[in-house]
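Written below as structure tokens is the structure these notes are about.
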Amino acid sequence: MSSYVTRKTPGDTSWFVHDRFGMFIHFGLYSLPGRHEWVKCNERMTDEKYDKYFEYFDPDMLDMKEWARQAKAAGMKYAVITTKHHEGFCLFDTKYTDYKSTNTKYGRDIISDFVEAFRAEGIHIGFYYSLLDWHHPDFTIDKLHPQRGDSNIAEQNAGRNMKNYTKYMRDQLTELLTNYGKIEILWLDFCYDTTPQDSVAGKGAEDWEAEELIKTVRSLQPDIIINNRSGIDQDLWTPEQCQPTSWIKHEETGELLIWEACHTFSGSWGYHRDESKWKTPKILLELLVNTVAYGGNLIMNVGPTARGNFDHRAENALKVYADWMKYNNKSIYGCTMAEPGISTQNGCQLTQSTDGKRLYIFLLDYPFVTVSVDGIADKVDYAHFLHDGSEIPFRNSNDKSKPNAVFFTIPEVAPNSVIPVIEVFLK
Ligand code: GLC
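Residue 545 is where the sequence shown starts when you use this note's numbering, and the numbers rise one by one after that.
Given below as structure tokens:
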């Protein structure tokens, strides 16, 4: 059994740490300009200007079953969709605003379609909900607001009441957590309070009335996994677009945390037509391997286009996961960081099944003829490649500087896999 014990969580994270890999979906009006989901803020657009996208929102090619099929093929076991992003537009049929997908040309409750299609594929359901809202009339103008450059901010803010807005959030979350069955993840986003008490500077837990908000959520879905971005520690820590190189620990207590790295295919979360930083197949797979190797989950994002389909570059990236996971998913599901004392050479990475019986060696930079793993002398029963089940011979070390090592002999010609994996059965 794995000897790693993580900080106790209020929600049920047992399925989550087994499943390891999820799909993030950022979809909204920003898919139309196609130049970042922050476009309203970045370009300081007025509501009036941004309304054009509401007027023309009509993702006529949206096939939710196809999204779910691609997620499943990629090996993704859960999916988290933006029910509302910072722009304030809601993808669900809410009673509390007219600014919703059911009032567009498209006319559908996209969240309801999502829940139905993804659930039918056996994928766990998660909702992203933005704490920021650049459309709500009571959300005060702050340093990230599109209208932050206006000359009369104080005057405008005097007419805005955050109390109404926090109630609006609780009401909407009540809808989301009541009308769509069991929801397993709530992804709140985010705090940016550099100077507490100064609402122009930023907003944090107090502005969101986060305690009250979380109480509401837990009363409706007690087992739900909630991330830490409302400013109150809950179940999940979410490092963004970076690759941790050790298990993430609690800043004060030092406890090991449940964590999930979130990444994009090309930089922005919403569809971005002109972005050129698309990740290579190797990087896409390394993110998954390295994350599980340090006890974390990976959620990879897709930003569907304004037509509602996945862009060909996103489809190619999902295909990279699909092709690799088809053969290698045993090294990801139910796996975690290798036991303390077990290590491998540079250019390789390890995971281990939580029952301790299987060890996986990832050949990130294909080594020459041998691979060594330290800390498992006399413990190996059998080893083979995962992609074809072909035997990998091994021997205990006769190197005095590495008495506990085992050497595995691999073919000189690298197999046709972006990252070949050796499965090692331990005695
Ligand atoms: C950020 C961004 C946002 C994105 C999110 C995902 O906080 O504001 O656009 O939704 O991260 O992690």
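Virtual Cβ for every residue (Gly too), placed ideally from N, Cα, C.
Specify the secondary structure class of arginine 663 as computed by DSSP and reduced to three states.
As a working mapping, residue 663 is identified with position 119 in the sequence shown. In the structure shown, arginine 663 sits in a helix (DSSP, three-state: H, G or I).
Answer yes if the segment 862–881 comes into contact with the segment 913–926, meaning at least three C-beta pairs across the two stretches below 8 Å, and no otherwise.
Verdict: no, contact absent.
Could you give the first and the last residue of the continuous alpha helix (DSSP H) run that contains arginine 564?
As a position in the sequence shown, residue 564 is number 20, starting the count at 1. No alpha helix (DSSP H) holds arginine 564; DSSP gives it neither H nor E.
Quick one: what does DSSP say histidine 928 is sitting in, helix, strand or coil?
The residue labelled residue 928 in the question sits at position 384 within the sequence shown. Histidine 928 falls in the strand class under three-state DSSP.
Taking only three categories from DSSP, how would you classify alanine 754?
Position 210 of the sequence shown, counted from the first residue, corresponds to residue 754. Helix at alanine 754.
With burial defined as no fewer than 16 other Cβ atoms inside 10 Å of the residue's Cβ, what is the status of tryptophan 559: buried or exposed?
Translated into positions along the sequence shown, residue 559 becomes position 15. By the 10 Å Cβ count, tryptophan 559 comes out exposed.
Per DSSP, what are the beta-bridge partners of alanine 805 in this structure?
One-based indexing of the sequence shown puts residue 805 at position 261. According to DSSP, alanine 805 bridges with Leu842.
Skipping 5 residues on each side, what residues in its chain have a beta carbon closer than 7 Å to that of glycine 632?
In the sequence shown, counting from the first residue as 1, residue 632 sits at position 88. Tyr643, Asp677, Trp678, His679 and His680, listed in sequence order.
Could you give the distance in angstroms between the alpha-carbon of serine 575 and the alpha-carbon of threonine 849?
Counted from its first residue, the sequence shown places residue 575 at position 31. Counted from its first residue, the sequence shown places residue 849 at position 305. Each residue's alpha carbon lies about 6 Å from the other.
Quick check on the DSSP output: the beta strand (DSSP E) that includes valine 624 runs from which residue to which?
Here residue 624 is taken as the residue at index 80 of the sequence shown, counted from 1. Valine 624 -> beta strand (DSSP E) spans 622–628.
May I ask which residues mark the beginning and end of the beta strand (DSSP E) holding arginine 939?
Position 395 of the sequence shown holds residue 939. Run containing arginine 939: 938–940, per the beta strand (DSSP E) assignment.
Mark aspartate 779 as exposed unless 16 or more other C-beta atoms lie within 10 angstroms of its C-beta, in which case mark it buried.
Working through the sequence shown from its first residue, we reach residue 779 at position 235. With 16 or more Cβ atoms within 10 Å of its Cβ, aspartate 779 is classed as buried.
Are the C-beta of tryptophan 678 and some C-beta of chain D separated by less than 9 Å?
Structure shown: chain D not included; a single protein chain is present.
Out of curiosity, what's the CA-to-CA distance linking proline 766 and threonine 638?
Position 222 of the sequence shown, counted from the start, is the residue given in the question as residue 766. Position 94 of the sequence shown, counted from the start, is the residue given in the question as residue 638. Going by the C-alpha atoms only, they are around 22 Å apart.
Got a sec? Which residues, its chain only, sit under 6 Å from valine 965 by beta carbon, not counting five neighbours each side?
Working through the sequence shown from its first residue, we reach residue 965 at position 421. Asn872, Ser875, Tyr904, Phe906 and Leu930.
Could you tell me the alpha carbon to alpha carbon distance between isoleucine 894 and glutamine 691, rounded to whole angstroms?
In the sequence shown, the residue the question calls residue 894 occupies position 350. In the sequence shown, the residue the question calls residue 691 occupies position 147. Sequence check: residue 894 is leucine here, not isoleucine. In a straight line, the C-alpha of leucine 894 is about 49 Å away from that of glutamine 691.
Given a cut-off of 9 Å on the beta-carbon distance, is the pair proline 947 and alanine 921 in contact?
Position 403 of the sequence shown holds residue 947. Position 377 of the sequence shown holds residue 921. Cβ atoms of proline 947 and alanine 921: closer than 9 Å.
So, are the CB atoms of glutamate 981 and phenylalanine 636 less than 9 Å apart?
The structure shown has nothing for residue 981, since the chain only spans 545 to 971.
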